[in-house]
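Heads up: the structure comes next, in structure tokens.
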Amino acid sequence: MDMVRILNKKVVGVYAGFVLLFVLAPLLSIVFVSVSDARFISFPWNEGFSLRWYAEIPNQEAFLDGAVNSVKLAALTALVAVVIGTLASLAVVRSKFPGRNLVVLLGSSPLFVPEVLFGLALLLALSKWQVGTPLFQILIGHVVITLPFTLRVATAALTDFNLDQENAARNLGASKLQAFFLVTFPQIRSGVVAAAVMAFIVSFDNIALSLFIAGPAFELLPVALYAYALNSFDGIAAATSVLMIGVSLVAIVVLDRTVGLDKLFGGAAD
5 MDMVRILNKK VVGVYAGFVL LFVLAPLLSI VFVSVSDARF ISFPWNEGFS
55 LRWYAEIPNQ EAFLDGAVNS VKLAALTALV AVVIGTLASL AVVRSKFPGR
105 NLVVLLGSSP LFVPEVLFGL ALLLALSKWQ VGTPLFQILI GHVVITLPFT
155 LRVATAALTD FNLDQENAAR NLGASKLQAF FLVTFPQIRS GVVAAAVMAF
205 IVSFDNIALS LFIAGPAFEL LPVALYAYAL NSFDGIAAAT SVLMIGVSLV
255 AIVVLDRTVG LDKLFGGAAD
């Protein structure tokens with residue numbers, strides 16, 4: 005019996021290793037290409053080590069403008085998505101009303117709709133109605149695709165909160181807003197921060213939706229990078245991609261240190 009258990013652990017370990025290799029191999033190949041001295045992209049890596057492609061990034065005006073726009077958009081998206089997601093989760097967790105499950109389903113629906121399909125639909129709608137500025141139009145799409153994450157995380161945080169504490173504050177004379185911001189919010193703040201970080205990462209790295217609705221008036225870094233990679237075969241695109249991956253990794257590390265990924269995803273899965 006022990007032999008079977010040991011064998012099963014080894015099989016699972018080997019399988020997990022192959023899955024991890026399958027996931028990480030493309031990322032590692034980009035890292036190798038970004039530090040290769042080769043004039044054009046080549047793999048396997050058969051040239052010397054060089055940081056020349058990283059030094060070329062500041063000369064790419066489209067990348068710099070796109071990076072600034074992407075950070076602005078991701079920050080706005082995180083803010084709006086967190087506010088909407090938190091308000092929606094308050095209604096879902098604390099109230100029982102007709103259509104409650106429908107709200108949860110609609111809030112999660114962007115996860116089940118292909119982004120290409122959603123991007124095309126949003127493009128057709130925006131081209132017909134011409135709503136707002138280019139930034140506002142892109143913001144609509146990014147808020148929609150990040151809302152499932154903020155809603156899920158905020159709901160998990162509120163589910164663990166003891167409502168009696170807020171009721172006690174109300175009994176002592178606090179208003180609803182005072183009770184929420186002075187009692188409830190400090191205890192769910194880590195969940196709100198986690199939701200904001202997740203929304204920022206999803207928005208910052210998004211390409212499928214942005215290709216449809218991000219135009220030259222407000223170009224984003226992933227779109228500029230994609231356009232460059234279509235016509236150029238040097239390592240600048242790889243170096244820029246590594247920096248983008250680095251931004252996401254830093255955000256994930258901060259999230260793990262402040263909230264804890266096991267607590268975050270464990271709570272969301274309950």
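Residue numbers for the sequence shown follow the working numbering, so the first one is 5 and each next one is one higher.
Glycine is no exception: its CB is placed at the ideal position from the N, C-alpha and C atoms.
Remark: C-beta atoms of F237 and F67 do not approach each other more closely than 8 angstroms. Assigned with DSSP and collapsed to three states, F237 falls in coil, not helix or strand. L162 and S93 do touch by the CB rule: their CB atoms are close to 5 angstroms apart, below 8 angstroms. Comparing C-alpha distances from I217 to each of V206, I144, V257 and A178 shows the shortest one belongs to I144. Per DSSP, the unbroken alpha helix (DSSP H) holding I192 starts and ends at F189 to D209.
In this structure, V86 keeps its C-beta atom at 8 angstroms or more from the C-beta atom of A160. Excluding residues up to 5 positions away in sequence, V246 lie with their Cβ nearer than 7 angstroms to the Cβ of V35 in the same chain. Around the C-beta of W133, fewer than 16 other C-beta atoms lie within 10 Å, and the residue is accordingly described as exposed. Selection I192, R156 and F153 evaluated against E170 yields I192 as nearest (Cα-Cα). As computed with DSSP, F53 is found in a beta bridge with S40. Going by beta carbons, P118 and V148 fall outside the 8 angstroms limit. By the Cβ rule, the stretch 52-71 counts as touching the stretch 227-236, because three or more pairs are nearer than 8 angstroms.
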